[in-house]
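Protein chains in written order, with the working numbering: chain W, 1 to 386; chain B, 1001 to 1386.
Number of protein chains: 2
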Amino acid sequence: MPPSSSITEALRPAVTPLLAALPSTVPFVAPDALERRSGRPLALRLGANESSFGTSPKALAAMRDAIARAAWYGDPETFALRARLAARLRVRPSNLAVGAGVDDLLGLVVRCFVSPGDPVVMSRGGYPTFAYHVAGFGGVLHTVPYRDDRNDLDGLAEAARRHGARLCYLSNPDNPSGSWHSGDDVRAFLDRLPPGCLLLLDEAYLEFGPDGTAPSLAADDPRVVRTRTFSKLYGMAGARIGYAIADETMVATFDKVRHHFGVNAIAQAGALAALDDAEHVARTLSAVAEGRRDYGMLGAAIGMPTLPSGTNFVCFDAGGAARARALVALLLEHGVFIRMPGAPPLDRCVRITVGTAPERAELSSLLRRLHAEGALAALDNHSPRG
Amino acid sequence: MPPSSSITEALRPAVTPLLAALPSTVPFVAPDALERRSGRPLALRLGANESSFGTSPKALAAMRDAIARAAWYGDPETFALRARLAARLRVRPSNLAVGAGVDDLLGLVVRCFVSPGDPVVMSRGGYPTFAYHVAGFGGVLHTVPYRDDRNDLDGLAEAARRHGARLCYLSNPDNPSGSWHSGDDVRAFLDRLPPGCLLLLDEAYLEFGPDGTAPSLAADDPRVVRTRTFSKLYGMAGARIGYAIADETMVATFDKVRHHFGVNAIAQAGALAALDDAEHVARTLSAVAEGRRDYGMLGAAIGMPTLPSGTNFVCFDAGGAARARALVALLLEHGVFIRMPGAPPLDRCVRITVGTAPERAELSSLLRRLHAEGALAALDNHSPRG
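Below, the structure written as structure tokens:
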């Protein structure tokens, strides 16, 4: 291409008023970006709740096979995967929508239900990508603070009624707190939402929760869309595939605007195989449970008590937002990537993905050393390097 | 999940007025769906302009390697790929936006520039997925018939002026006609669009066009967004990755609403490697050129002259829309998947992807036999089986 010409701004086509009013933000800074900033690779990648326990060997093999057919578009109807999931979940394939990860599906739900100016309710400091989508479609977000470090179901229902919300987002088990409500409580929560308000129930971490975390809901209940993912338990975040369970009319609505060829063929093959690997699932769940216990002991040892977790990560209470921020920065200086919740009261914590036993040993060794050296006590005075 | 409950429609949350007004359509019926309908696999898959010449061996190897890291999210900034592309294209990385295929990027451009009711211009019978996105964001599409089987640049510019279009879509080389305009003519066309109208120049097939098809445009020209893909020449349709070239402000606009983690990690690795495989590119381009010549001879032999093609597919003139439709159905009965353009004057044609030499031999054998048997002459009377 030739060098820049002197075309003036006067010729620039105008974006929509909605886009013009949007701020420039990204939901998350990626670990890759942190590596580029520091100029060195991360030693421990424990900030994005990826699965340290990896992808199912069966899924890996299926994806390697599928690569041979990479020249062909994937099936836009994700027929095989929906059939398998339907049998597993005892729903019809027409109750399932497959997307390029939960983020894609969250955007789709917001697009279908939120016009500019429409009120939406979620927890304050909840999943940033949901808030990003609400802003992106012009919705007006009303947030409800966490209560006792859990989603405040009473508060959310009340806010939904007060604001006449079109959409209410609930992550259960929750990111970033790690907390959960019982399925029965979620079910009762749904019944308390005002008529006409859709519940977007994000169950990305469902499998890590205790028995009884999944609410008993009819697949054709028009008041709720549930989202699930292959990114967490199944260790396929990089492949980009997740699904929604919803009534048929809802799925048909998604079909009106979704990217029909958007779910890549390799991920489809991997997801199908991952569902069959019960052994990998059991191994991962057991390893995560063990890791959560380890983290509990670590937190106690360094004076940072942990919050209960029904997910593959744990919040460590650093004793205040400034201290938590300083701890994230301090660990990054040591090549350890973690994150922290974005709003009070949870922003007194750091959020650490459950690593493998060797990863946990490395993290434990570092944190215990920093604790022994007084660096954790001095977090209030920490100023990030460079 | 429990069996259906008797929840009434009265409780159903309402979709946005925009969604409620949208019809239920899909841009394309996939070959996978055709196979499911017929209950048998396709013998020849020549309808979706996938690359019969496959994926670069280097890209295949890179994707197989990347699968080992499938548990990790891909880089949302696609830093490595943008850096490599920038060097190749002599633009800055900030002039590049990477998406999950061109379809994703087309949707993004429409979302950023088209508010409900805004006028948009494209050729009648042009790329259905673009029209799908325009409808999906409430735009009002004005179409201009093909002229001499090519995009009518005069007509498109005139329509853009007449309707005060916010956005004009041009595919060059064109799908579904296979035709192209010179880069100089495209450049002149851009200058004739009304001020404030964005040109969305889809260059998915650019590499297959003759020298001089790429217009000389400054990367910071705010009036145009160019889209390109790894789905066609690079044989990576199933991996889902493409990119847009635009000025920095435009890319920053996309960043406000795009799916930051939407491009899968495996495709990123594959695309990077594919760019380095000059040999595979040269081999594919040469094979496609040879295949187009073959198709030209085949068309002459069966009384269906071919249109000139600067792409990896060829239009065969079947002599009328009913005949073209019948030919698509007839070939499908023989296990051959092809498609046809959706509107006059091109709907007198069928569109056939350039296959490998063995695929072409099989197609040629079938079509010559049907011709000899009089089945092509009798297309007007053909009624599809079953």
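Glycine included, C-beta positions come from ideal geometry on N, C-alpha and C.
Open item on the list: On the CB-based measure, 16 or more other CB atoms within 10 Å of its CB, does W/N381 come out buried or exposed?
Closed with: exposed
Task: Through-space distance from B/G1099 to B/R1088, alpha-carbon basis - done: 18 Å
Open item on the list: Check this for me: beta carbons of B/T1016 and B/P1173, under 9 Å apart or not?
Closed with: no
Task: chain W residues whose Cβ lies nearer than 7 Å to that of B/A1204 - done: Going along chain W, no residue has its Cβ under 7 Å from B/A1204, so there is no contact; the nearest lies around 13 Å.
Open item on the list: Which residue marks the beginning of the alpha helix (DSSP H) containing W/P17, and which one marks its end?
Closed with: P17 to A21
Task: Proximal residues to W/L85 (C-beta, below 6 Å), its chain only, five neighbours per side dropped - done: L96
Open item on the list: Using only the alpha-carbon positions, how far apart do W/R124 and B/F1079 sit?
Closed with: Rounded to the nearest angstrom, the two C-alpha atoms are 31 Å apart.
Task: Extent of the continuous beta strand (DSSP E) to which W/Y132 belongs - done: Taken as a continuous stretch (DSSP letters only), W/Y132 belongs to no beta strand (DSSP E), being part of the alpha helix (DSSP H) at P128 to G136.
TODO: Would you mind working out which of W/S182, W/R323 and W/L141 sits nearest W/L167, comparing C-alpha positions?
DONE: W/L141
Open item on the list: Considering just the uninterrupted stretch of the alpha helix (DSSP H) at B/V1328, what are its terminal residues?
Closed with: A1321 to E1333
TODO: Inspect the beta-carbon positions of W/S364 and W/D294 and report whether they are closer than 9 Å.
DONE: yes
Open item on the list: I'd like the list of long-range same chain contacts for W/Y127, defined as Cβ closer than 6 Å, with 5 residues on each side in sequence excluded.
Closed with: S171 and N175
Task: Through-space distance from W/R258 to B/G1386, alpha-carbon basis - done: Low local confidence applies: a pLDDT of 40 at B/G1386 is under 50, so the model's placement there is unreliable, with the coordinate-based value given in what follows. Taking the straight line from one Cα to the other gives about 31 Å.
TODO: Put B/Y1169 into one of helix, strand or coil per three-state DSSP.
DONE: strand
Task: Neighbourhood of W/R348 by C-beta, 7 Å cutoff - its chain only, sequence neighbours within 5 removed - done: D317, A318, G319, G320, A321 and A324
- [ ] In angstroms with no decimal places, state the Cα-to-Cα distance between B/L1233 and W/G74.
- [x] 17 Å
- [ ] For the beta strand (DSSP E) holding B/M1122, just list the boundary residues, first then last.
- [x] P1119 to S1123
TODO: State the Cα-Cα distance for the pair B/G1296 and B/A1377, rounded to the nearest angstrom.
DONE: Cα to Cα, the separation comes out at about 19 Å.
Task: beta strand (DSSP E) runs wholly inside the segment 34-104 of chain W, at least 3 long, in chain order - done: 96-99, all fully within the segment 34-104 of chain W.
Open item on the list: Any C-beta of chain W within less than 9 Å: which residues of the segment 1067-1079 of chain B qualify?
Closed with: If the cut-off is 9 Å between Cβ atoms, the segment 1067-1079 of chain B has I1067, A1068, R1069, A1070, A1071, W1072, Y1073, G1074, D1075, P1076, E1077 and F1079 near chain W.
- [ ] Pick helix, strand or coil for B/R1187, following the three-state DSSP scheme.
- [x] helix
Task: Close beta carbons around B/G1138, own chain, < 6 Å, minus the five adjacent residues each side - done: L1018 and P1116
- [ ] Please check if any C-beta of chain B sits within less than 9 Å of the C-beta of W/M236.
- [x] yes
Task: Given 8 Å, three or more beta-carbon pairs between the segment 302-310 of chain W and the segment 239-249 of chain W - done: no
Task: Sub-9 Å separation of W/S177 and W/P341 beta-carbons - done: Cβ atoms of W/S177 and W/P341: closer than 9 Å.
TODO: Rounded to whole angstroms, what's the CA-CA distance from B/S1024 to W/K256? Just pull it up for me.
DONE: 5 Å
- [ ] Determine the chain B residues that contact W/E50 at a beta-carbon separation under 7 Å, and present them in chain order.
- [x] From the beta-carbon of W/E50, the residues of chain B found nearer than 7 Å are A1071, W1072 and Y1073.
TODO: Pull up the distance between the alpha-carbon of B/G1335 and that of B/A1372, whole angstroms please.
DONE: Between the alpha carbons of B/G1335 and B/A1372 lies a distance of about 19 Å.
Open item on the list: Could you tell me the alpha carbon to alpha carbon distance between W/V328 and W/A10, rounded to whole angstroms?
Closed with: 44 Å
Open item on the list: Counting only Cβ-Cβ distances shorter than 9 Å, please list the residues of the segment 1104-1117 of chain B near chain W, keeping chain order.
Closed with: D1104, G1107, R1111, C1112, F1113, V1114 and S1115
TODO: Closer than 8 Å by C-beta to W/L34: which residues in its own chain qualify, once you throw out the five before and the five after it? Chain order, please.
DONE: L42, L332 and F337
TODO: Determine the closest residue to W/V102 out of W/L307, W/S309 and W/A204, with distance taken between C-alpha atoms.
DONE: When each option's Cα is compared against that of W/V102, the closest is W/A204.
- [ ] Return the first residue and the last residue of the alpha helix (DSSP H) that B/L1370 is part of.
- [x] A1357 to A1372
Open item on the list: Less than 9 Å between CB atoms is the rule here; does B/T1394 satisfy it with respect to chain W?
Closed with: This structure gives no information on residue 1394 of chain B, because the portion of chain B shown stretches from 1001 to 1386.
Open item on the list: What residue range does the beta strand (DSSP E) around B/I1245 cover?
Closed with: G1242 to I1245
- [ ] Could you tell me the distance, in whole angstroms, from the CA atom of W/S4 to the CA atom of B/S1094?
- [x] At W/S4 the pLDDT is 46, less than 50, meaning the model places this residue with poor confidence; the figure from the coordinates comes in the next sentence. Cα to Cα, W/S4 sits roughly 14 Å from B/S1094.
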